[in-house]
Amino acid sequence: MRWSPLARKEARTVAKSKGVWLLATLLVLWSYRPSYVGWDSLGTNITAGYVQLAGTGLLPLGVLLLSYQSVVGERTSGSVKFIVGLPLTRTEILLGKIVGRTAGIAGPVSVSFLVLAGIGLVNHGLFDPLLFFGVALVTLAYVGVLVSIAVSISAVAKRTVTAAGAVFGVVFLPLIVFWSRISTAIFSQVTGQPVNPFDPPASGLLFVLHRLSPSGAYNVVSNWILGVGNSTSTYSTVLSELRPTVSTNALVVETTFQPGAVPIYLHESVGILILLAWLIAPFGLAQFVFSRRDLV
Numbered sequence: 001m002r003w004s005p006l007a008r009k010e011a012r013t014v015a016k017s018k019g020v021w022l023l024a025t026l027l028v029l030w031s032y033r034p035s036y037v038g039w040d041s042l043g044t045n046i047t048a049g050y051v052q053l054a055g056t057g058l059l060p061l062g063v064l065l066l067s068y069q070s071v072v073g074e075r076t077s078g079s080v081k082f083i084v085g086l087p088l089t090r091t092e093i094l095l096g097k098i099v100g101r102t103a104g105i106a107g108p109v110s111v112s113f114l115v116l117a118g119i120g121l122v123n124h125g126l127f128d129p130l131l132f133f134g135v136a137l138v139t140l141a142y143v144g145v146l147v148s149i150a151v152s153i154s155a156v157a158k159r160t161v162t163a164a165g166a167v168f169g170v171v172f173l174p175l176i177v178f179w180s181r182i183s184t185a186i187f188s189q190v191t192g193q194p195v196n197p198f199d200p201p202a203s204g205l206l207f208v209l210h211r212l213s214p215s216g217a218y219n220v221v222s223n224w225i226l227g228v229g230n231s232t233s234t235y236s237t238v239l240s241e242l243r244p245t246v247s248t249n250a251l252v253v254e255t256t257f258q259p260g261a262v263p264i265y266l267h268e269s270v271g272i273l274i275l276l277a278w279l280i281a282p283f284g285l286a287q288f289v290f291s292r293r294d295l296v
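In case it helps, full-length UniProt numbering puts the sequence shown at residues 1 to 296.
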């Protein structure tokens with residue numbers, strides 16, 4: 001683990017920045033959204049649902065912003081000469097950057113989770129700590145996935161503006177914000193079948209496309225832990241869709257497929273594999289390019 005000193009330095013740098021603590025503060029305000037449907041179904045465990053909401057929208061944006069300059073920024077400033085001078089391979093440099101930055105962001109984010117736990121305890125009562133810990137752990141793993149993507153882009157990009165454009169134009173907007181619409185459009189284009197989101201077809205392909213993004217896979221896994229339903233939507237939207245008198249545009253397996261007709265590849269555990277793929281694949285591609293590039 002020769003990369004561990006670099007990882008510790010990276011973690012300290014991030015943890016001391018104002019940006020990560022601003023993110024942690026905003027996450028509390030963003031995530032605390034009590035709802036009747038959440039309380040009716042989860043009771044006091046709605047507090048764990050707040051942690052899932054922390055992983056939607058604001059957290060991916062903050063993590064990407066805090067990570068996209070990790071390598072290309074040092075190339076621009078010239079400080080990369082110090083890193084290149086260390087007895088580390090390019091793979092170890094990338095690994096140290098990803099692990100360190102993940103740890104530096106995960107610390108303050110975990111503090112925001114503890115604040116949410118305290119608010120939930122006061123306002124709702126005692127909740128299941130294992131359930132809360134499970135959702136928090138998956139959310140921190142999601143942070144690691146996003147850091148891996150952003151650092152990999154930073155290692156491949158030659159300019160800071162290119163890295164910024166990539167994390168917004170290639171990752172955040174299409175894969176986080178608009179993936180539901182994009183995946184539905186891809187399905188319609190491939191199959192020639194229009195999709196009414198309020199009455200979707202029982203198609204395994206449609207549901208798979210929706211959960212191929214990091215955000216979709218994260219919601220599937222966190223919903224699995226919460227026990228609210230098999231869907232890429234947030235827990236409150238899923239619970240609303242499961243009510244007999246309510247119709248939303250959420251794609252929920254339980255309301256679309258007949259019992260016993262759900263394809264095995266739509267099991268929630270596959271979401272973990274998708275997250276692992278998003279963790280490893282960008283790193284592998286970046287390592288290939290980064291190892292062959294002159295950094296000085």
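All C-beta atoms in this analysis are idealised placements derived from N, C-alpha and C, irrespective of residue type, glycine included.
A quick note: this is a predicted structure, and the numbers were derived from the prediction, not measured.
Per-residue burial, residue i [other beta carbons within 10 Å of its own, 16 or more giving buried]
i    : result
V72  : buried
N230 : buried
A106 : buried
N123 : exposed
H267 : exposed
S112 : buried
T248 : buried
P129 : exposed
S70  : buried
S4   : exposed
L64  : buried
A286 : buried
G192 : exposed
S79  : exposed
G260 : exposed
I280 : exposed
N196 : exposed
S240 : buried
K97  : buried
The alpha helix (DSSP H) enclosing residue i, as first and last residue numbers
i    : result
A163 : T160 to A166
Q52  : I46 to A54
W3   : Segment: none, W3 is in no alpha helix (DSSP H) and carries neither H nor E.
G284 : V270 to F290
N123 : R90 to H124
R181 : W179 to T191
DSSP three-state assignment for residue i, whether helix, strand or coil
i    : result
S79  : coil
S213 : coil
V252 : strand
S203 : coil
S70  : coil
L17  : Note that residue 17 is Ser in the sequence shown here, rather than Leu. It is coil, neither helix nor strand.
S41  : helix
S231 : strand
Y32  : coil
E241 : helix
L131 : helix
N219 : helix
R257 : Per the sequence shown, the amino acid found at residue 257 is Phe instead of Arg. If DSSP states are grouped into helix, strand and coil, F257 belongs with coil.
F198 : coil
G57  : coil
R12  : helix
A157 : coil
S247 : coil
Supposed close pair residue i, residue j - CB separation, criterion 8 Å
i           : j    : result
V262        : V253 : 6 Å
V135        : I225 : 5 Å
Y68         : I153 : 6 Å
residue 303 : I149 : Lying outside 1 to 296, the shown extent of the chain, residue 303 is not represented and no answer is given.
Rounded separation between residue i and residue j - CA only
i    : j    : result
I264 : Y235 : 22 Å
T102 : N45  : 27 Å
V167 : V161 : 10 Å
Y50  : D40  : 15 Å
L275 : P60  : 14 Å
P108 : G62  : 12 Å
R75  : V147 : 18 Å
G165 : V171 : 9 Å
Q52  : V289 : 34 Å
V238 : V228 : 7 Å
G216 : S233 : 7 Å
S222 : K9   : 31 Å
L242 : L42  : 13 Å
P194 : A202 : 13 Å
I119 : F198 : 35 Å
L121 : V28  : 14 Å
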